[in-house]
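Report on one structure; see the data block that follows.
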Amino acid sequence: MKIKTEFPHKIQTIKHIWIPMPDGCRLAARIWLPENAEQQPVPAILEYIPYRKNDGTALRDSLYHPYFAGYGYAAIRVDMRGSGDSEGVMLDEYLQQELDDAVSVIAWLAQKPWCDGSVGMMGKSWGGFNSLQVAALQPPELKAIITVCS
Numbered sequence: 001m002k003i004k005t006e007f008p009h010k011i012q013t014i015k016h017i018w019i020p021m022p023d024g025c026r027l028a029a030r031i032w033l034p035e036n037a038e039q040q041p042v043p044a045i046l047e048y049i050p051y052r053k054n055d056g057t058a059l060r061d062s063l064y065h066p067y068f069a070g071y072g073y074a075a076i077r078v079d080m081r082g083s084g085d086s087e088g089v090m091l092d093e094y095l096q097q098e099l100d101d102a103v104s105v106i107a108w109l110a111q112k113p114w115c116d117g118s119v120g121m122m123g124k125s126w127g128g129f130n131s132l133q134v135a136a137l138q139p140p141e142l143k144a145i146i147t148v149c150s
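So the sequence shown is numbered by the UniProt record's numbering: it starts at 1 and just counts up by one.
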């Protein structure tokens, strides 16, 4: 497999950042950005899954999230409530809390100075299915979703 390491945009990585939820819980995220995103805001692509960004999906994430950033998008990988480094408790899959948190994450991303206000979601399996569920809620900042095996 060929791994691309040269991109049109230089990349910066924020290895850990907290995203605050309205109830005070904090969700853990990793962000890959084009280096000039603060000066030229970019759309954001959110992957919102429970598979632990620091170990469970770290290798996979290191291959394709930088690709998105290298081509001019902010790529954000969030551990859902109660998973990975995020706070809180996950009681089950696809509960309203999961969807409400995703809508809050999307709004938070759209307000960042490096984001142009447009957010997309992507995922396969769990991440794809929750992308579909969140899209059905029609948060105004969510402009697109990509789902596979959902």
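Just so it is clear, CB atoms sit at the ideal spot from N, CA and C, and this is done for glycine as well.
Delimiting residues of the alpha helix (DSSP H) encompassing residue 60
Residues 58–70.
Taking the CB atoms as reference points, tell me whether residue 126 and residue 42 lie closer together than 8 Å.
For residue 126 and residue 42, no; Cβs fall outside 8 Å.
Let's test the definition: count the other Cβ atoms within 10 Å of the Cβ of residue 81 and tell me whether it reaches 16, buried, or not, exposed.
Its Cβ being crowded by 16 or more others within 10 Å, residue 81 is buried.
Suppose the cutoff is 6 Å on Cβ atoms and the five residues either side in sequence are ignored; what does the same chain contact list for residue 57 look like?
Within its own chain, the residues whose Cβ lies closer than 6 Å to the Cβ of residue 57, once the five positions on either side in sequence are excluded, are 51, listed in chain order.
According to the neighbour-count rule (16 or more other Cβ atoms, all chains shown, within 10 Å of its Cβ), is residue 44 buried or exposed?
Burial call: buried.
At which residues does the alpha helix (DSSP H) containing residue 133 begin and terminate?
Judged by DSSP secondary structure, residue 133 falls within the alpha helix (DSSP H) whose first and last residues are 126–137.
DSSP three-state assignment for residue 109, whether helix, strand or coil:
Here residue 109 sits in helix by DSSP.
Once DSSP output is grouped into helix, strand and coil, what is the label at residue 99?
Note: residue 99 maps to helix in three-state DSSP.
Own chain, CB closer than 7 Å to residue 12, minus 5 neighbours either side, in chain order:
Same-chain partners within the cutoff: 33, 35.
With 16 as the cutoff for other CB atoms within 10 Å, does residue 16 come out buried or exposed?
Exposed, since its Cβ has fewer than 16 Cβ neighbours within 10 Å.
Whose C-alpha, out of 83, 72, 47, 148, is nearest the C-alpha of residue 102?
With distances taken between Cα atoms, residue 102 lies closest to 47.
Whether residue 105 touches residue 148 by CB criterion (8 Å):
For the pair residue 105 and residue 148, the CB atoms are not nearer than the 8 Å cut-off.
Closest residue to residue 53 among 30, 139, 63, 38 (Cα-Cα distance):
Closest by C-alpha distance to residue 53, out of 30, 139, 63, 38, is 30.
Could you tell me which residues DSSP puts in a beta bridge with residue 48?
Per DSSP, 78.
What residue range is occupied by the uninterrupted beta strand (DSSP E) comprising residue 29?
Start and end: 26–34.
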